[in-house]
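Below is one structure, written out as C-alpha cells, with a few remarks after it.
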Amino acid sequence: MRCKFILSDISEKIIASEEGYSIFEPIVALEIDGKNVFESLGIDGVKSAVIMHSREHFIKTTLKLIRDLPEKSESAYEYWLLGTGFGFRARRKDQTLQLFVRVDGKMGPTQRVNSPKTVHIGTVSVNEWVESIASLSKSLSDMFVD
Amino acid sequence: MVASIEDAGALQPITGLRVEMRLEEHLYRKMFSATIVGPVSVVNKPSFDGMYLLKLDGVAAEKVSVNHVLFLPQVYQFHRGLLFRKGRVPAPRDPDRVSLEKFLLGRNPAIRAIEGRVYTSSHEKGLRETMSFQSESEFSMLSYGVIVRPKTISE
Chain A
1157 MRCKFILSDI SEKIIASEEG YSIFEPIVAL EIDGKNVFES LGIDGVKSAV IMHSREHFIK
1217 TTLKLIRDLP EKSESAYEYW LLGTGFGFRA RRKDQTLQLF VRVDGKMGPT QRVNSPKTVH
1277 IGTVSVNEWV ESIASLSKSL SDMFVD
Chain B
1363 MVASIEDAGA LQPITGLRVE MRLEEHLYRK MFSATIVGPV SVVNKPSFDG MYLLKLDGVA
1423 AEKVSVNHVL FLPQVYQFHR GLLFRKGRVP APRDPDRVSL EKFLLGRNPA IRAIEGRVYT
1483 SSHEKGLRET MSFQSESEFS MLSYGVIVRP KTISE
C-alpha cells in the first residue's frame, strides 16, 4: 500500500471505556511511500482528531468518489479531520488522485502551523486511496465494534 | 483481570525471542518466523526509537532476498471482543509509545498484533556490530509488516 493512515497516542483504557467511541481522539498521520506527510509541516501528525465521526464522513465521501468514477473524469473531494484545523483534498483525474493537506485555523486548532494553506503531498491511484480509507476504517472497527 | 498494555511494568529484554511475521503489499505474503537480534538506534532520530533488527528464517530470507530486516512498531491491532470493558476512565496524560517489548511480554490478548514499517539495509554487517545507524539514508523501507506473538509466549 503506497498510502496508509497511522493512528498513534492510542490508550487501551480509553477505547475499552463505555464512552470510548465518542472521546477517542488519537494522533492521525498519513504516510505516502513510508513518509509521514505531516513532517513537511513540522508536526508528527494531527492531534485530537475526532476520528470516529471523521470516519463516517470519510466513508460517505469515498462512496461518492467511487460512484463518480463512471460519470466524471475529474472531481474533487474533501476529507476533514473533525475537531482539527487539518484535512485532505483529493483531486481526481481519471484513476489518479492528487493529494493535498489543507490547514485552516477557522476549522480548528492547527498546532502552530500557519494557515490557511494547501500543500501538495503526493499522487496515488484511486485504488490505493480507497484501500487506505478501508484499512483505517477496519482498524477503528476492530477497536469499537463488537 | 487483564492489565492494560499501559499498566505493563518493567519488562525483560526480548533479544533472542522468535516471532511470527508477515509482510503487507509484498510479493511474499506468507507468515514466517524471525528471531529478534536486538534494538537498533538512529543517531539524532528519536522517531526511530523502539526499532529492532530481526533475522529471518531460511525460507523467508530466500523469498525476500535479505537475511535481516528492521521493524519499527507503529500501531497495535486490537481485538475488541477481548478488551476488558470498563466504565468511565480519565484520559491518560501521556499514553505509551507502541512497544514491541510490551506487546510480546505483556500477555494481553486484547492486543492481537503489532503493525509497523519494515526496512532493509545494505549496511547489514556493520549494523550487527554497532546496532546503530548514523543516518536515515543507511536503510530503506521494504513494506509495512505485522508481528504476532509466537505460541510459546501467547496466552
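Protein sequences appear in the order of chains A and B. Take 1157 as the starting number for the first sequence in my numbering and just add one per residue. Take 1363 as the starting number for the second sequence in my numbering and just add one per residue. Ideal placement from N, C-alpha and C gives every residue a C-beta, glycine not left out. The model shown is predicted, which means the values in this text are computed figures rather than measured ones.
query                                                                                                                                  : result
Whole-number beta carbon distance between serine 1403 of chain B and serine 1494 of chain B, since they are thought to touch under 8 Å : 5 Å
Through-space distance from phenylalanine 1244 of chain A to threonine 1217 of chain A, alpha-carbon basis                             : 12 Å
Continuous beta strand (DSSP E) stretch holding lysine 1169 of chain A: start and end                                                  : From DSSP, lysine 1169 of chain A is part of no beta strand (DSSP E) but of the alpha helix (DSSP H) over 1168 to 1172.
Methionine 1413 of chain B at chain A interface by Cβ criterion, 8 Å                                                                   : no
Buried or exposed (CB count within 10 angstroms, at least 16 for buried), asparagine 1470 of chain B                                   : buried
Buried/exposed call for glycine 1241 of chain A, threshold 16 Cβ in 10 Å                                                               : buried
Under 7 Å by beta carbon: chain B residues contacting methionine 1208 of chain A                                                       : Ordered by position in chain B, no residue passes the 7 Å Cβ test against methionine 1208 of chain A, which lies about 13 Å from the chain.
Partner residues on chain B for methionine 1299 of chain A, Cβ-Cβ distance less than 7 Å                                               : Phe1440 and Arg1442
One or two residues paired with glutamate 1230 of chain A in a DSSP bridge                                                             : A:Lys1249
Endpoints, the beta strand (DSSP E) within which glycine 1278 of chain A is located                                                    : 1273 to 1281
Same chain only: Cβ atoms within 6 Å of lysine 1407 of chain B, ignoring 5 sequence neighbours per side                                : none
Residue span of the alpha helix (DSSP H) that contains leucine 1489 of chain B, given as start and end                                 : 1486 to 1492
8 Å contact criterion, which leucine 1253 of chain A and valine 1280 of chain A should meet: CB distance rounded                       : 5 Å
Runs of alpha helix (DSSP H) wholly within the stretch 1188 to 1242 of chain A (minimum 4 residues, chain order)                       : 1207 to 1224
Of the listed residues A:Met1263, A:Lys1228, A:Gly1261 and A:Leu1238, nearest to arginine 1247 of chain A (C-alpha basis)              : A:Lys1228
Within chain B, partners of leucine 1197 of chain A - CB distance below 8 Å                                                            : Within chain B, no residue comes near leucine 1197 of chain A; the closest Cβ sits about 15 Å away, beyond 8 Å.
Contact set between glutamine 1496 of chain B and chain A, taken where Cβ atoms lie within less than 7 Å                               : Correct list: empty, because the minimum Cβ distance to chain A is about 19 Å.
Nonlocal neighbours in the same chain, by C-beta distance under 8 Å from glutamine 1439 of chain B, ignoring five residues either side : Ile1473, Arg1474, Ala1475, Ile1476, Glu1477 and Val1508
Beta-bridge partners of glycine 1420 of chain B, as assigned by DSSP                                                                   : Per DSSP, none; premise fails for glycine 1420 of chain B.
For glycine 1478 of chain B, the first and last residue of its enclosing beta strand (DSSP E)                                          : 1473 to 1482
Chain B contact for glycine 1239 of chain A (CB, 8 Å cutoff)                                                                           : no
Counterpart residues of serine 1164 of chain A in DSSP-defined beta bridges                                                            : A:Ile1183
Limits of the alpha helix (DSSP H) - the one that glutamate 1463 of chain B falls within                                               : 1462 to 1467
Whether isoleucine 1188 of chain A touches isoleucine 1277 of chain A by CB criterion (8 Å)                                            : yes
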